[in-house]
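Okay, so here's the structure we're looking at.
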Amino acid sequence: MYDLESLGWSEFFESAFQPYREQGHFAGRVVLEERGAYRLYTEQGEVSARVRGKLRYDSESSADFPAVGDWVAVSRRERDGLIQIQAVLPRRSKFLPKAAGANSEEQVLAANVDTGGLFQGRVLDGMLRGFEQYLVSDC
């Protein structure tokens, strides 16, 4: 079991979550995303979840999907107990470098993070300039 306030829950998120609470959903914070599967910390403990089909259908880009640090509204399906992410709550902040390739679609790496660090292993010849550009990009 997790205390939501210790995970960063605030009045900002409580206000955004209220309509979902009235629908019987509970809140969770995304701590891991791997190939469409999510690990959440909730007041009910640590749970595995998937994005609900409607959220997947309504999403316009990958930036609309949950990212590590996001607060989400979730529900437990009665017939099989599957935990489904119903909605992503508004983000207070996000770290979004441009996705690799020709497409310039946003790729949210983390959300609702107050402090972060960036670490680079040994910089190889010719890679220092690319690393510098990454640091000063508009992420």
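According to our numbering, the residues represented by the sequence shown are 2 to 140, in order. Ideal Cβ placement from N, Cα and C applies to all residues, glycine included. All figures in this text were calculated on a predicted structure; none of them were measured in a lab.
- Assigned with DSSP and collapsed to three states, L97 falls in coil, not helix or strand.
- Straight through space, the alpha carbons of F66 and P20 are spaced by roughly 19 angstroms.
- Assignment of beta-bridge partners to A68 by DSSP yields no partner.
- Counting the other Cβ atoms within 10 Å of the Cβ of R78 gives fewer than 16, which makes it exposed.
- For V75, the CB contacts under 8 angstroms within the same chain, skipping 5 residues up- and downstream, are H26, F27, A28, G29, L41, T43, V48, A50, I84, Q85, I86 and Q87 in chain order.
- The Cβ atoms of L110 and L90 do not sit closer than 8 angstroms to each other.
- Under the rule that a run must span 3 or more residues, the beta strand (DSSP E) segments found entirely inside the stretch 14-58 read 27-35, 38-43 and 46-52.
- Setting aside the 5 residues that flank it on each side, A68 is surrounded in the same chain by V31, E34, K95, V109, L110, A111 and A112, each with a C-beta closer than 8 angstroms to its C-beta; the list follows chain order.
- In this chain, the beta strand (DSSP E) harbouring Q85 covers I84 to V89.
- Cβ-Cβ distances below 7 angstroms link L5 to A28 and E44 in the same chain, with the five nearest sequence neighbours on each side left out; the list follows chain order.
- In terms of Cα proximity to S16, the closest of D115, G37, D81 and V73 is V73.
- Distance between E23 and F14, taken at the CA atoms: about 14 angstroms.
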